[in-house]
Amino acid sequence: MPTLAERRRIARLVHRFGFGPRPGEFTTLLAEGFDKAAEKYLSVASQDAFADNQDEPLVRDQGKRPAPNSPDVVAYATEKRAQLTSLTLWWLDRMVLSEHSLRERMTWFWHGHWATSYQKVDDALPMYLQNQTLRRNALGNFAQMSREMVNDAALIFWLDGQTNTIKAPNENLSRELMELFTLGVNRYSEDDVKETAKALTGYKVDKSSGRVVFYPRQHFAGSIKVLGTQGSFDASSLSDFLVSRNDCALFITERIWYRFISSMNPLTDTSLSSSFASRDIAALINAVGRHSALENPENSMVKSPIDWFISAARALSITPSNFSNPNTIRNNLNLLGELPFFPPNVGGWPADQAWLSTSSAQYRIQFATQLVKEADLSPISSLAPKARIDGLADWLGVVEWSSRTKMALTGAINDPARLALLALCSPEYVVSA
Numbered sequence: 110m111p112t113l114a115e116r117r118r119i120a121r122l123v124h125r126f127g128f129g130p131r132p133g134e135f136t137t138l139l140a141e142g143f144d145k146a147a148e149k150y151l152s153v154a155s156q157d158a159f160a161d162n163q164d165e166p167l168v169r170d171q172g173k174r175p176a177p178n179s180p181d182v183v184a185y186a187t188e189k190r191a192q193l194t195s196l197t198l199w200w201l202d203r204m205v206l207s208e209h210s211l212r213e214r215m216t217w218f219w220h221g222h223w224a225t226s227y228q229k230v231d232d233a234l235p236m237y238l239q240n241q242t243l244r245r246n247a248l249g250n251f252a253q254m255s256r257e258m259v260n261d262a263a264l265i266f267w268l269d270g271q272t273n274t275i276k277a278p279n280e281n282l283s284r285e286l287m288e289l290f291t292l293g294v295n296r297y298s299e300d301d302v303k304e305t306a307k308a309l310t311g312y313k314v315d316k317s318s319g320r321v322v323f324y325p326r327q328h329f330a331g332s333i334k335v336l337g338t339q340g341s342f343d344a345s346s347l348s349d350f351l352v353s354r355n356d357c358a359l360f361i362t363e364r365i366w367y368r369f370i371s372s373m374n375p376l377t378d379t380s381l382s383s384s385f386a387s388r389d390i391a392a393l394i395n396a397v398g399r400h401s402a403l404e405n406p407e408n409s410m411v412k413s414p415i416d417w418f419i420s421a422a423r424a425l426s427i428t429p430s431n432f433s434n435p436n437t438i439r440n441n442l443n444l445l446g447e448l449p450f451f452p453p454n455v456g457g458w459p460a461d462q463a464w465l466s467t468s469s470a471q472y473r474i475q476f477a478t479q480l481v482k483e484a485d486l487s488p489i490s491s492l493a494p495k496a497r498i499d500g501l502a503d504w505l506g507v508v509e510w511s512s513r514t515k516m517a518l519t520g521a522i523n524d525p526a527r528l529a530l531l532a533l534c535s536p537e538y539v540v541s542a
C-alpha cells in the first residue's frame with residue numbers, strides 16, 4: 110500500500126502535469142509507483158489516438174468585415190461566433206480526451222505565457238494558427254518556439270507590432286518579448302526596449318488569414334545595441350539572441366516552477382535551470398516533475414477553473430462538444446474567469462490562491478451541478494455504499510479526505526450524484542493537495 114507521501118506525489122503529478130486521472134487510472138498508478146507514473150506522464154508521446162484523428166475546428170479566413178449596412182453583415186457575425194465556439198470546444202475536447210495529456214497541458218501553459226486574446230484579435234483563424242504553433246513546440250525547443258511566436262500574426266496584432274514603424278516606434282511587443290516571454294522583470298533596460306523595437310519593424314499582419322508579411326524597406330536595417338551587444342537584428346535573430354541569454358534559462362524555469370510546483374514558495378534551486386541549458390522544454394519538465402518539492406505538503410496549489418473543469422470532465426467521462434448545451438461550458442468558464450483564448454491581459458491568468466473566492470465557489474457549485482447531471486457515475490454507483498468514500502478519492506485522484514469532508518460525504522453515501530457533487534467542490538479536490 111503506498112504511503113501518504115507517495116500518494117500525494119502521484120496525485121500532484123497527475124493533476125499538474127496531466128489534467129487529472131480517468132476512471133481507474135489513479136488506482137493503477139498507485140500500484141505501479143511514482144517512477145512508472147512519471148515515465149507515463151512526463152514522456153513525450155509520438156502518437157495520440159484521439160488527437161491524431163480529431164477533426165479540425167471549423168475555422169476559415171472570413172476576409173474583411175462587411176460594411177454595417179451590408180446584407181452580409183448578419184451572416185458574417187453569425188459565422189464569426191460559430192467559428193469561435195468550434196475552436197473553443199475543439200481545444201477543450203483535446204484537453205479532456207487526449208491519451209497523453211502532457212502536450213495539451215503544456216499547450217495550455219504556453220497559451221498563458223504568450224497570452225493573446227481573441228477579444229482584440231477578433232478572428233478565429235489566427236488564434237487557431239497560434240494554438241497549433243504552441244502545440245507543435247510545446248515540448249520541443251524553446252528557441253524554435255520563440256522564433257515562431259515573434260513572427261505570429263495573432264501575437265503581433267495583439268501587441269500592436271503592425272503599427273511599429275521606424276518613424277513612430279511602438280514598444281509594446283519589444284517590452285513584453287523581454288519582460289514576459291524570454292527574460293523576466295529587471296533583466297533589461299528601457300534603452301533595450303527602444304533598441305529592440307527597431308528590430309521588430311517591417312512586419313505587417315493580414316489578420317483574417319493569420320499571415321505575416323515582412324517588408325524589408327520598412328524594417329530598420331541598421332545596427333542596434335541590445336543588452337550590451339551591438340548588431341543587426343530582425344525578429345527571428347533578435348529572438349535567438351534573447352533566448353540564448355542565461356537569464357532566459359532561469360526565467361523559463363521560474364515560470365514552470367511557479368505554475369507547476371508552487372506560486373507561494375519561489376524557486377531556490379537555481380541549478381534546476383541547467384536542465385534547460387539547450388532550451389529543451391521536455392527536459393526541463395522532466396526535471397521539474399521529478400523534483401522532490403513536488404511531494405512537499407507546503408506546496409499545495411489551487412486548481413484554476415480550466416484545471417478543475419478538465420479534470421472533472423475526464424473523471425466524469427464528459428466530452429465538451431457532446432454536452433447537451435455546449436455553450437453552458439463556455440458560459441460557466443467565463444463566469445469562473447478562465448475561458449480559452451480570452452486571457453485578461455498580456456500577463457495571462459492568475460494562479461493558485463487568486464482562484465479562491467466566495468463568488469468562484471458559488472459558480473463552481475453551479476457548474477458542477479450541471480456536469481453531474483450528464484456524467485457517467487458508474488465508477489461510484491457500482492460500489493457498495495461503505496466503499497464509496499474511499500472509491501471517490503481513488504476515482505478523482507484525491508490524496509485523502511479531511512474528517513470534515515468525510516463527514517459531509519458520509520451524509521450523501523446513498524446518493525451517487527450528490528456524492529460526486531460534494532467531492533468535486535470539496536477543498537481536497539479544488540486544492541491540488
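All residue numbers for the sequence shown refer to the working numbering, where the first residue is 110 and numbers rise by one. Glycine included, every Cβ here is placed at the ideal spot set by N, Cα and C.
Three-state class that DSSP yields for residue i in the structure shown
i, result
"residue 279", "coil"
"residue 131", "coil"
"residue 503", "helix"
"residue 202", "helix"
"residue 333", "strand"
"residue 250", "strand"
"residue 157", "coil"
"residue 356", "helix"
"residue 389", "strand"
"residue 540", "strand"
"residue 481", "helix"
"residue 411", "strand"
"residue 369", "helix"
"residue 519", "helix"
Among the options, the one whose alpha carbon lies nearest that of residue i
i, options, result
"residue 357", "343, 331, 393 and 329", "393"
"residue 225", "397, 212, 259 and 195", "259"
"residue 469", "433, 411, 504 and 186", "411"
"residue 138", "463, 119 and 422", "119"
"residue 367", "248, 110 and 218", "218"
"residue 451", "228, 477, 309 and 133", "228"
"residue 197", "521, 435 and 541", "435"
"residue 334", "325, 324, 326 and 303", "303"
"residue 135", "390, 518 and 499", "499"
"residue 174", "492, 318, 111 and 329", "318"
"residue 369", "400, 277, 523 and 528", "400"
"residue 214", "455, 123 and 178", "123"
"residue 143", "166, 111 and 402", "111"
"residue 459", "432, 116 and 415", "415"
"residue 328", "202, 154, 344 and 398", "344"
"residue 542", "230, 409 and 512", "409"
"residue 420", "540, 235 and 398", "540"
Own chain partners of residue i with C-beta closer than 7 Å, once the 5 adjacent residues on each side are dropped
i, result
"residue 253", "246"
"residue 208", "157, 158 and 159"
"residue 199", "166"
"residue 389", "250"
Continuous alpha helix (DSSP H) stretch holding residue i: start and end
i, result
"residue 455", "Run containing residue 455: none; DSSP gives neither H nor E here."
"residue 227", "227–230"
"residue 221", "211–222"
"residue 328", "Residue 328 -> no alpha helix (DSSP H), and no H or E assigned at all."
"residue 414", "414–425"
"residue 533", "525–533"
"residue 149", "143–150"
Supposed close pair residue i, residue j - CB separation, criterion 8 Å
i, j, result
"residue 372", "residue 461", "4 Å"
"residue 130", "residue 457", "Going by Cβ atoms, the distance from residue 130 to residue 457 rounds to 26 Å, so no, they are not a contact pair."
"residue 286", "residue 354", "With a Cβ gap of about 12 Å, residue 286 and residue 354 do not count as contacting."
"residue 288", "residue 306", "The Cβ separation is near 13 Å, so there is no contact."
"residue 442", "residue 418", "6 Å"
"residue 168", "residue 233", "4 Å"
"residue 424", "residue 504", "6 Å"
"residue 359", "residue 382", "5 Å"
"residue 439", "residue 272", "Not really, about 31 Å apart at Cβ, beyond 8 Å."
"residue 114", "residue 299", "In fact, because the Cβ distance is near 48 Å, the residues do not count as touching under 8 Å."
"residue 471", "residue 437", "Contact flag wrong, Cβ pair sits at about 16 Å."
"residue 301", "residue 248", "Between residue 248 and residue 301 the Cβ distance is about 30 Å, and since that is not below 8 Å, they are no contact."
"residue 514", "residue 483", "Wrong, their Cβ atoms sit about 24 Å apart, outside the cutoff."
Contacts around residue i, its chain only, beta-carbon distance under 8 Å, and the 5 residues preceding and following it disregarded
i, result
"residue 242", "254, 257, 258 and 261"
"residue 321", "260, 261, 262, 265, 312, 313, 314 and 315"
"residue 387", "250"
"residue 523", "494"
"residue 222", "289, 290, 364 and 457"
Residues near residue i by beta carbon distance below 6 Å, same chain, minus five either side
i, result
"residue 525", "486, 489 and 490"
"residue 96", "Residue 96 lies beyond the stretch modelled for the chain, which goes from 110 to 542, so this question has no answer here."
"residue 395", "151"
"residue 422", "205"
Near the ligand SAH: residue i beta-carbon under 7 Å from a heavy atom
i, result
"residue 459", "The model on display carries no ligand, and the ligand SAH is accordingly not part of it."
Where the beta strand (DSSP E) through residue i begins and ends
i, result
"residue 320", "320–323"
"residue 340", "338–340"
"residue 312", "312–315"
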